[in-house]
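Structure first, then comments.
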Amino acid sequence: MSRSGVMCALIGVCITAAVALTCCASAAPLAAVESAPAVVSTESASAPTPESASATESAPATESAPPPGPTQPDFVEDPSLSPPGSLVTKDVPGDEGGALLLMWEPSPDDTAPPMPREREQRTDPALKWLPKQQRARELANIAAAEARSKCGYVVLRKTSAESEYAWHPSMVPTGNPDGSEQEDPDFAGPETLPGGTREFKDESFVFLVPPGEDSELVSDKPPTLEDLQKLRTRRAKNDPRYNTYDYEVRFTKDGRMSLPAAVQGVRPRGNLFNPWWANMAIVILLSGGLILGFIYTARSGRALYVRPIAGLQAVDDAVGRATEMGRPILFSAGFGGVGDLSTIAAMVVLGRIARVAAEHGTQIIVPCLDPLVMAALREVVREAYMTAGRPEDYREDRIYFLTGAQFAYAAGVSGLIVRERVAACFYMGSFFAESLILAETGAMAGAIQIVGTDAYTQLPFFITACDYTLMCEEYYGASAYLSREPRLLGSLKGQDYSKLIIAVAMVASVILATVLSRMGAAGMAEFLQELFHYRAG
Amino acid sequence: MQQPRKGFWYSALRIDRRYIFMLVFVSLTVPFLFPGMRVPVEVQNPARQVYDFVDGLNEGDGVLVAFEYSPSTAPELTPMATCVARQCLKKGVRVYALSSAPEGPPIAAEVFRRVAGDYGRTEGEDYVNLGYKPGGVQAIVLGLAQNVSSVFPTDYVGRAVADIPAMRHFKKLSDLKLCVALSASTVAETWMGLASARFGVPVATGVTGVMVANFYAYLDTGQLVGLLGGMKGAAEYERLIAENVDPERGYWFATRGMASQSASHVLIVLFVLFGNLAMIMSGRGQRRRRR
Amino acid sequence: MRRQVPFIIATVAGVLMLVQFFVPAHGMVRMQTVFTLYTRIIGGFAMVLGVASLMQVSWVRVKRRADNWPFALTTILGFVVMFSVGVLGGFFIHDPTTGKLTWSAGIAPDKNPVFGWLFYNVYTTMDATIFSLLAFYMASAAYRAMRARDLTAGMLLGAAIIVMLGRAPLTAYFWDMWLVKPTDHQIASLGEITEWLLTYPNTAATRALMFGTGLAALAQGVRILVGLERPYMAGTGD
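Order-wise, the sequence lines are chains X, L and H.
First residue of the first sequence? That's 3 in this note's numbering, and the numbers climb one at a time after it.
First residue of the second sequence? That's -4 in this note's numbering, and the numbers climb one at a time after it.
First residue of the third sequence? That's 5 in this note's numbering, and the numbers climb one at a time after it.
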């Protein structure tokens, strides 16, 4: 590798490390909010411990109406009810750190049939082959039919710095000048679950965003800095970066609740890799590796065969036809933004078309839907004219922003085609419902039309009305095809081999899974199915 | 060399477009002269799946409706939005509307204005119109997954989301039970690819008839919980609403359009068959003349 | 350095966003949120760039009385009217609590009736008109192009006719009345046949196209990341 390549690689690594460190630092706790535990513990310093609190709170309930308050439980504690057993917590894998899984064994007094945990659902014979929504309905039926009205569980959470579990939201100031109060909108209350439940995924954590991105400062009554500090301190209770948490799970029946099964000092953690997407990562690495490998081997200069693509071969003919007729050509880059791959492919094709047009002395009109795309396409066309040795023929006003609305753009381009009497139309990029309007107008005007798009829903319309159509991967391969550079053609080879491998793997898996299920090895068949399954994180 | 004789079938192959346009115009407009005509619509599974999913929600759940379309496709997509809003608001499910297209929020406002009063629902408590945000759908969805108020600090009319009671239950995307993406482009794919595949929120989509073939693949894999395809899909949903939710107000614009759609489809099929017949007959005529 | 710095920025950003997709830790998600925030900000400013370009091009046409200059004048007038009504309309909102004229976010129809009228009665109508052209163009394209010239074209034609009639409720109703019910549901309904065609053959073909497009997009991304294609270098002679 050359010296400049090594230098570039080192600079790239340094920038990557700097950006990653910056982002991790921005996610770290803020100094001001670290005072939150002190504030909270001061408020509840005199409060009793949870066990003694529940013991003392249960006594008043039997004697007289308890005073209302956030820690007033909805149930009466009854030590004779058996609590749930072996409460454990588990970090949900492959997430940002905003979810925690609690699992317990059902109370011996729980009369409902236990619902299988999410993991067990994939092996439960009654559930595993059902689609996700139907499975959810089956599970709901199991709970609702048997036990929802009879018994259940309640899950409470508090930060480790607090002393009591809150059953109801506390009153907080609204910030109005009249000093009115409202229930705490950020209160993450107790969860009531039906009987038979054996796990609960707590997803009520919310990451605080920096103050400038939050809504408080744009309120009609902007708060003072002190109010803002108090608000963020209150909200920080739900942010797992600043706290550890204690949980209680109690069994409830007929208005009574058991003693708790508790766990202390836990918090969800962000993970460095999402295991559910490992299959996707493997496919990307495999395909990317193949493509890079073929690019590397193509450097030897060996000629690689690529089948002829009529649409790309006709580009020069179309521009020549326009030159002979003395009429301009029109190029539309579609609806994508400047970051879309279809627009990038359009820029490459436009460079080629603009160069040929410059050499022939043909005017090119490029109406754009996106201002950033317009800026990029202007540079592409300018460079094409300079490469062709005709910089004085370049007219910037021919590449302009038309409109950002879909059908207004279609109307504008249709009008352009008719008024300017274009001889050739090139539609390269992403198109939607307006595709037939453009294509039919061009056909009625008698223009030769060449289309390249990755929008496969519009292919029937383009094929019907246009002379040449580049479909999906033909369009993406246009840059390699037009330049004929060996390394670019090598990437096409790598892409084709990736497709072949995926196709063979799919067919083989389908045959294997079918044979295995016929032979009774349903677990193996399901494993193959899961291998290609894409689960949400 | 003798020129082939130009007969009826030869002319038929080269018929002026304007005659076709005129016949299509007649087939589309005449059914609207009979407003009471209601064509029975058979409900198919994709629309039924959307209805069933919303039916399975509980009071207090949140549904997001993304109005990712402009007024040009409103006749196909607004009836879908109206049906979703009607079914949700009747059940007490909260509805949140937003858009990445600037024309979306007024359409959402109109839908809520038409539907909410029928069930005594109030803005801010039962439904919220969050408005429009530029920058693309991807930026919006990724921001919503983190914190809603960082993307939409105010709603459509400028009220801070911190002051809106319904927004206490929608702080981030995972608080929702369903996203319904209504779009005339592949924006619905972006919603599905991010909200469903990445953040686990179920997504149903409503698209124009032109785009519907694209989304059956996602329906098959379960990436979409349901699909409303064009005005026919909207009419199927209206029928489900009329039969199960609100018999007086269920049937609306999409059902009225079915007669017109049927007439135009039949006309196009007749055109196609006639064109093929003309091709066959003119081919036979040429062969006969050569002999 | 003039060639290497853009390449480094493009490659590092591309690799970071690819890695970020698989790393769910909060810091990486925060980075993505910040980048998408930048995209939203740039998108807002980009509109200014686009409008300035359009106004400049249109004004030059009007000034020179170029071909079809009235259309350019219409463009300028349309922009000026909608912009003025939207912005200035906000200055004339009557605040019911104070009884005074005040400024507000002036484009919501109930806050700015003039803008609302123009939006619903002019813009919406014109937008729907252009979309409605599709119906006519589809009919003429279908008549011109859907010919059963060979076996595969004939199969395509047959499937298209079935789907078109299946999506028309009236024909589906008559099919049920004349074929399905008399035979006691031995023949499938037109809707079921249509759904089968859309769910199986159509899905298979769509998935094949999706695979090809996805891999082609991956290949293009790899080419950009390793610097074989440099669309961001357009205009620099590289």
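For every residue, glycine included, the Cβ atom is placed at its ideal position computed from N, Cα and C.
Everything numeric in this text was worked out from a predicted model, so none of it was measured.
Test item: CB-CB of residue i and residue j under 9 Å
i: L:Arg12; j: H:Ser144; result: yes
i: X:Thr471; j: X:Gly303; result: no
i: H:Leu169; j: L:Tyr211; result: no
i: L:Asn271; j: H:Ala152; result: yes
i: L:Leu72; j: L:Thr203; result: yes
i: L:Phe266; j: H:Ala76; result: no
i: H:Leu53; j: X:Leu374; result: yes
i: X:Phe253; j: X:Ser500; result: no
i: X:Thr73; j: X:Glu166; result: yes
i: X:Leu104; j: X:Val157; result: yes
i: L:Leu84; j: L:Tyr114; result: yes
i: L:Ala80; j: L:Val110; result: yes
i: L:Phe48; j: L:Val220; result: yes
i: H:Val61; j: X:Asp399; result: yes
Which of helix, strand or coil DSSP assigns to residue i
i: L:Thr181; result: coil
i: X:Asp204; result: strand
i: L:Asn142; result: coil
i: X:Leu371; result: coil
i: X:Phe409; result: helix
i: X:Ile401; result: strand
i: L:Ser191; result: helix
i: X:Asn281; result: helix
i: X:Phe253; result: strand
i: X:Val106; result: Per the sequence presented here, residue 106 of chain X reads as Trp, with Val not at that position. Strand at X:Trp106.
i: X:Ile503; result: helix
i: X:Cys153; result: strand
i: L:Ile159; result: coil
Residues near residue i in its chain [Cβ-Cβ closer than 6 Å; skip 5 each side]
i: X:Pro330; result: Gln365, Ile367, Glu422 and Val424
i: L:Ala254; result: Pro26, Met32 and Val34
i: L:Leu59; result: Tyr91, Leu171 and Cys174
i: X:Arg271; result: Asp93 and Gly99
i: H:Trp179; result: Leu194
i: X:Glu442; result: Ala467
i: L:Asp158; result: none
i: X:Thr44; result: Residue placement at X:Thr44 cannot be trusted, given a pLDDT of 29 that sits under 50; what the coordinates show is reported in the next sentence. Excluding residues within five positions, none has a Cβ falling inside 6 Å.
i: X:Thr325; result: His362 and Thr364
Cβ shell of residue i (< 8 Å), same chain only, five flanking positions each side left out
i: H:Glu233; result: Gln224 and Arg227
i: L:Ala192; result: Gln218
i: H:Met32; result: Val23 and Gln24
i: X:Cys370; result: Ala335, Met376, Leu379, Ile401, Tyr402, Phe403 and Leu404
i: L:Lys167; result: Leu139, Ala140, Gln141, Asn142 and Val143
i: L:Leu8; result: Gly270, Ala273, Met274 and Ser277
i: H:Ala163; result: Leu201 and Pro205
Beta-carbon contacts of residue i that lie in its chain and below 7 Å, excluding the five residues immediately before and after
i: L:Leu125; result: Tyr91, Ala92, Leu93, Phe147, Asp150 and Tyr151
i: X:Pro116; result: Pro108, Gly198 and Arg200
i: X:Pro39; result: Unreliable placement is indicated for X:Pro39, whose pLDDT of 30 sits below 50; no coordinate value is reported for it.
i: X:Ser437; result: Gln460, Phe463 and Phe464
Anticipated Cβ contact below 8 Å, residue i with residue j, distance rounded
i: H:Val167; j: H:Thr198; result: 5 Å
i: L:Pro129; j: H:Gly47; result: 5 Å
i: L:Val264; j: H:Ile165; result: 5 Å
i: X:Phe434; j: X:Ala457; result: 7 Å
Residue i Cβ short of 8 Å to the ligand MG heavy atom set
i: X:Tyr458; result: Ligands are entirely absent from the displayed structure, and the ligand MG is therefore not among its contents.
Select from the segment 162 to 182 of chain L all residues with a C-beta closer than 7 Å to any C-beta belonging to chain X, and list them in chain order. Arg163, Lys166, Lys167, Ser169, Ala179 and Ser180
Taking a cut of 7 Å between CB atoms, which residues from the segment 50 to 67 of chain L lie near chain X? Gly51, Ser65 and Ser67
Along the segment 393 to 420 of chain X, where does the CB come closer than 8 Å to a CB of chain L? Name the residues. Flagged, chain order: Ala407, Gln408 and Phe409.
Short-range partners of chain H found in the segment 346 to 361 of chain X, where Cβ spacing is below 9 Å: Listed in chain order, the positions of the segment 346 to 361 of chain X with a beta carbon within less than 9 Å of a beta carbon of chain H are Ile346, Ala347, Met349, Val350 and Gly353.
Under 7 Å, CB to CB, which of the residues in the segment 264 to 279 of chain X have a partner in chain H? Gly272, Asn273, Leu274, Phe275, Asn276 and Trp279
Using Cβ-Cβ distances below 7 Å, what residues of the segment 180 to 208 of chain H are close to chain L? Ser193, Gly195, Glu199, Leu202, Thr203, Asn206 and Thr207
Which residues of the segment 175 to 205 of chain X have a Cβ closer than 7 Å to any Cβ of chain L? Give them in chain order. Pro187 and Glu205
Return the residues of the segment 10 to 32 of chain L that lie within a Cβ-Cβ distance of less than 7 Å from chain H, sorted by chain order. Cβ contacts with chain H come from Arg12, Ile15, Phe16, Val19 and Leu23.
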